[in-house]
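Each step along the sequence shown adds one to the number in full-length UniProt numbering, with nothing skipped, and position 313 is 313.
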Amino acid sequence: MTFEDACRAFLAYCRAVKGLSDHTLRAYQQDLAEARAFCGPDAAAAWWTRTTIREYVAHLGSARGLRAATVKRRLACLKALFRWLETDEVVDVSPFHRAPVTVRLPRRLPRDLSRAEVRQLLDSPRCRLLGRADFGRMTVRLAILLMLSTGVRVGELAAVRLPDIRLADGVIRIHGKGSRERRVFVTDAGVRKLLERYMAFRDRRGVVTDVLLVDDRGHGLSPQGIRQRLRAAALAAGIGRRVTPHMLRHTAATQLLEAGVDIRFVQKLLGHQSIATTQIYTQVSDVSLQRVVAEAGHLRRLTARGGARTPAGETPAAE
Numbered sequence: 001m002t003f004e005d006a007c008r009a010f011l012a013y014c015r016a017v018k019g020l021s022d023h024t025l026r027a028y029q030q031d032l033a034e035a036r037a038f039c040g041p042d043a044a045a046a047w048w049t050r051t052t053i054r055e056y057v058a059h060l061g062s063a064r065g066l067r068a069a070t071v072k073r074r075l076a077c078l079k080a081l082f083r084w085l086e087t088d089e090v091v092d093v094s095p096f097h098r099a100p101v102t103v104r105l106p107r108r109l110p111r112d113l114s115r116a117e118v119r120q121l122l123d124s125p126r127c128r129l130l131g132r133a134d135f136g137r138m139t140v141r142l143a144i145l146l147m148l149s150t151g152v153r154v155g156e157l158a159a160v161r162l163p164d165i166r167l168a169d170g171v172i173r174i175h176g177k178g179s180r181e182r183r184v185f186v187t188d189a190g191v192r193k194l195l196e197r198y199m200a201f202r203d204r205r206g207v208v209t210d211v212l213l214v215d216d217r218g219h220g221l222s223p224q225g226i227r228q229r230l231r232a233a234a235l236a237a238g239i240g241r242r243v244t245p246h247m248l249r250h251t252a253a254t255q256l257l258e259a260g261v262d263i264r265f266v267q268k269l270l271g272h273q274s275i276a277t278t279q280i281y282t283q284v285s286d287v288s289l290q291r292v293v294a295e296a297g298h299l300r301r302l303t304a305r306g307g308a309r310t311p312a313g314e315t316p317a318a319e
């Protein structure tokens with residue numbers, strides 16, 4: 001079997017059997033197209049060996065100049081393909097069994113918004129509701145508030161349909177990664193009221209689609225459409241850095257943990273399979289950490305003499 005045929009069969013399997021989302025399938029197509037370009041159109045699946053895999057990794061990092069995270073994703077997709085080929089007995093043994101290749105990622109903390117930036121964003125001319133409600137601004141405001149309050153991914157938000165919403169108790173069914181469903185909760189009365197107003201506004205405009213978030217023509221908003229509107233709102237608000245939907249998800253997670261919510265509940269809310277993914281949010285901001293340490297005053301307690309507190313850098317007066 002040629003490598004190109006193997007890629008085509010694998011993608012068909014991922015679509016029909018695994019039920020992967022269109023977003024994930026597009027990413028897989030992109031990853032495998034890169035691998036096909038490297039090995040050539042006529043290469044057999046067996047062309048891939050320990051040596052060629054390592055050459056491919058070097059090519060991605062040096063010749064193509066891709067970031068470590070992108071290289072790691074390209075490699076993970078190729079590994080999944082060969083795991084499937086081995087299971088289907090197209091190849092005897094996956095070349096990855098003999099090629100332990102590690103791509104080290106730089107440790108980066110999630111980027112979130114400060115409370116001041118959140119207020120600034122919600123005051124943006126692109127999503128502030130003044131006087132008679134504007135449908136476009138209402139859409140942007142609702143999208144921002146839903147991402148901030150529930151921590152949903154932008155793709156998950158774009159996929160929410162009217163039957164997924166229980167307005168009476170503020171429950172929304174989310175169709176997450178890997179066809180896994182979960183529920184998130186709109187507990188803020190103001191956000192629930194806005195959601196109710198938005199759904200009524202949709203009805204008055206005669207929107208046909210049951211996708212929750214729609215554009216001015218009544219068509220369901222794509223993840224990219226939500227990203228573009230968020231970016232425009234942030235620019236109009238004067239926020240001096242690029243704001244993405246994932247930053248709103250990070251902000252929701254960070255604020256929940258800093259408020260003392262158990263990490264297991266945050267994990268379930270965000271739809272993380274592994275708690276290790278959620279634990280990155282426990283790396284709170286330096287400002288928060290500095291404030292907590294200052295309020296603890298542990299060194300003052302340690303150096304107190306006879307009930308009186310002496311600053312640690314000073315010498316106690318002679319008795």
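We put the CB at the ideal spot given by N, CA and C, even for glycine.
Next on the checklist: Suppose only complete runs of 4+ residues qualify. What are the alpha helix (DSSP H) ranges in the stretch 46–107, listed by chain order?
Outcome noted: At a cut-off of 4 residues, the continuous stretches assigned as alpha helix (DSSP H) that sit fully inside the stretch 46–107 are 50–58, 68–87.
Checklist entry - Should Asp-31 go down as buried or exposed, given a rule of 16 or more other Cβ atoms within 10 Å for buried? => result Asp-31 comes out buried.
Checklist entry - In the structure shown, what three-state DSSP assignment does Gly-220 receive? => result Shown here, Gly-220 sits in a strand according to DSSP, grouped into three states.
Next on the checklist: Just list the residues that DSSP pairs Val-191 with in beta bridges.
Outcome noted: According to DSSP, residue pairing for Val-191 in a beta bridge does not occur.
Checklist entry - Going by alpha carbons, who is nearest to Leu-157 out of Val-184, Ala-6, Arg-166? => result Leu-157 has its Cα closest to that of Val-184, out of Val-184, Ala-6, Arg-166.
Checklist entry - Alpha carbon to alpha carbon, what distance is there between Asp-22 and Ala-12? => result If you take the alpha carbons of Ala-12 and Asp-22, they lie about 12 Å apart.
Checklist entry - By DSSP, does Ile-263 sit in helix, in strand, or in coil? => result It is helical.
Checklist entry - Would you say the stretch 248–258 touches the stretch 157–177, given that touching needs at least three Cβ pairs under 8 Å? => result Because the criterion of three Cβ pairs below 8 Å is not met, the stretch 248–258 and the stretch 157–177 do not touch.
Item to check | Proximity of Asp-112 and Met-199 at Cβ, strictly below 7 Å | outcome: Not a contact, by the Cβ cut-off of 7 Å.
Item to check | Anticipated Cβ contact below 8 Å, Arg-205 with Gly-218, distance rounded | outcome: The beta carbons of Arg-205 and Gly-218 sit about 7 Å from each other, so the pair counts as a contact at 8 Å.
Item to check | As assigned by DSSP and simplified to three states, the class of Arg-2 | outcome: Note that residue 2 is Thr in the sequence shown, not Arg. Correct three-state label for Thr-2: strand.
Checklist entry - Does the stretch 123–142 come close enough to the stretch 228–240 to have 3 or more Cβ pairs within less than 8 Å? => result They touch, by the three-pair rule.
Checklist entry - When the Cα of Leu-25 is compared with those of Ala-294, Ala-9, Arg-242, Thr-150, which residue comes out closest? => result Selected option, being the one with the closest Cα: Ala-9.
Checklist entry - Can you name the start and end residues of the beta strand (DSSP E) that Arg-182 belongs to? => result 181–185 is the extent of the beta strand (DSSP E) around Arg-182.
Item to check | Range of the contiguous beta strand (DSSP E) that encloses His-272 | outcome: Where His-272 is concerned, there is no enclosing beta strand (DSSP E), given that its DSSP letter is neither H nor E.
Checklist entry - How long is the line joining the alpha carbons of Thr-254 and Ser-62, rounded to whole angstroms? => result Whole-angstrom Cα-Cα distance: 35 Å.
Next on the checklist: Taking DSSP's pairing of strands, which residues face Val-214 in a bridge?
Outcome noted: The partner list for Val-214 (beta bridge, DSSP) reads Gly-220.
Item to check | C-beta contact flag for His-175 and Ala-159 at 7 Å | outcome: Contact flag set, yes.
Next on the checklist: Less than 7 Å between the beta carbons of Val-211 and Gly-220, yes or no?
Outcome noted: Their beta carbons are under 7 Å apart, which means Val-211 touches Gly-220 by this criterion.
Checklist entry - Excluding the five sequence neighbours on either side, which residues of its own chain have a C-beta within less than 6 Å of the C-beta of Gln-267, listed in chain order? => result Ile-275, Thr-278.
Checklist entry - Using the beta-carbon count (16 or more within 10 Å), is Glu-4 buried or exposed? => result Glu-4 should be labelled buried.
Next on the checklist: If you follow the beta strand (DSSP E) that Arg-173 is in, where does it begin and where does it stop?
Outcome noted: 171–175 is the span of the beta strand (DSSP E), which, as asked, contains Arg-173.
Checklist entry - At what residues does the alpha helix (DSSP H) containing Val-155 begin and finish? => result According to the sequence displayed, residue 155 carries Gly and not Val. Following the DSSP letters along the chain, one finds Gly-155 inside the alpha helix (DSSP H) bounded by residues 154–158.
Next on the checklist: I need the straight-line Cα distance from Glu-319 to Val-293, nearest angstrom please.
Outcome noted: Model confidence at Glu-319 stands at a pLDDT of 44, short of 50, so the residue's coordinates are unreliable; what they give is reported in the following sentence. Between Glu-319 and Val-293, the C-alpha separation is close to 31 Å.
Checklist entry - So, is Arg-67 buried or exposed, given that buried needs 16 or more other C-beta atoms within 10 angstroms? => result Exposed, because fewer than 16 other Cβ atoms sit within 10 Å of the Cβ of Arg-67.
Checklist entry - In its own chain, which residues sit with a C-beta less than 8 Å from the C-beta of Ala-46, not counting the 5 before and 5 after it? => result Here Ala-46 has Val-91 as same chain residues with Cβ atoms under 8 Å from its own Cβ, once five neighbours each way along the sequence are excluded.
Next on the checklist: Considering only their Cβ atoms, is the gap separating Leu-81 from Val-71 smaller than 7 Å?
Outcome noted: Cβ atoms of Val-71 and Leu-81: not closer than 7 Å.
Checklist entry - So what's Ala-236 in DSSP terms, helix, strand or just coil? => result It is helical.
Checklist entry - Who are the Cβ neighbours of Ser-94 in its own chain at under 8 Å, not counting the five residues just before and after it? => result In the same chain as Ser-94, and ignoring 5 residues on each side of it, the C-beta atoms closer than 8 Å to its own belong to Lys-79, Phe-82, Arg-83, Leu-85, Glu-86, in chain order.
Checklist entry - To which residues does DSSP link Ile-165 through a beta bridge? => result For Ile-165, which the question treats as bridged, DSSP gives the partners Ile-172.
Item to check | Residue from Arg-153, Phe-135, Gly-40 with nearest C-alpha to Arg-197 | outcome: Measuring from the Cα of Arg-197, the nearest candidate turns out to be Phe-135.
Checklist entry - Under the DSSP definition of a beta bridge, which residues are partnered with Ala-44? => result Paired residues: Thr-2.
Checklist entry - Exposed or buried, which one is Gly-238 when buried takes at least 16 other CB atoms within 10 Å? => result Answer is exposed; the Cβ neighbour count stays below 16.
Checklist entry - For the alpha helix (DSSP H) that contains Gly-178, what are its first and last residues? => result Note, Gly-178: premise wrong, no alpha helix (DSSP H); not H, not E.
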